[in-house]
Amino acid sequence: MLPQLRAAYAGDRPDLFLYDIAGAPARLLAEQWQIPAVQLSSAFVAWDGYEQELAPVIDAMRADPRGADYYRRFTAWLTAERSSVTDSLAFQGRPRRSSWPCSSRPTRSSPTPAWAAAAKASPAQHR
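Numbering-wise, the sequence shown is residues 5 to 131 according to the working numbering.
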């Protein structure tokens with residue numbers, strides 16, 4: 005998708021890239037072209053403590069051969085594209101800039117999502 009984005013915007017570069025959590029090519033192109041980028045999130049954005057709370061889920065995905073291959077290929081793509089962030093988890097994690105509905109913004113007092121709590125309790129079942 006990155007080559008298609010380069011071609012589509014080559015003649016008229018945007019002032020800003022807006023992308024959702026699955027929009028890694030837009031974030032990377034924004035970095036390469038030195039254009040600001042903002043992640044739009046309709047559900048939630050990584051919060052303080054995100055990495056610790058989701059560690060069991062991420063560890064289970066990385067332990068699975070399919071997940072390990074996904075992260076390996078993502079990291080290789082970031083490296084080949086000379087991203088400033090080549091760790092795939094860091095790239096997909098907390099964005100530098102984001103926008104989300106205020107009503108769904110998690111806080112320290114927000115309860116842990118049920119799926120994250122379940123994975124934390126029994127990470128082996130979420131492989």
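Ideal Cβ positions, reconstructed from N, Cα and C, are used throughout, including at glycine.
- Between arginine 10 and leucine 33, the C-beta spacing is below 8 Å.
- If you draw a straight line from the Cα of arginine 70 to the Cα of arginine 77, it comes to about 11 Å.
- In terms of Cα proximity to glycine 97, the closest of Ala12, Leu58 and Arg86 is Leu58.
- Under the 8 Å Cβ criterion, the segment 37-54 does not count as touching the segment 85-95, having fewer than three qualifying pairs.
- Here DSSP, grouped into helix, strand and coil, assigns valine 61 to helix.
- Here the C-alpha atom of glycine 53 lies approximately 16 Å from the C-alpha atom of aspartate 63.
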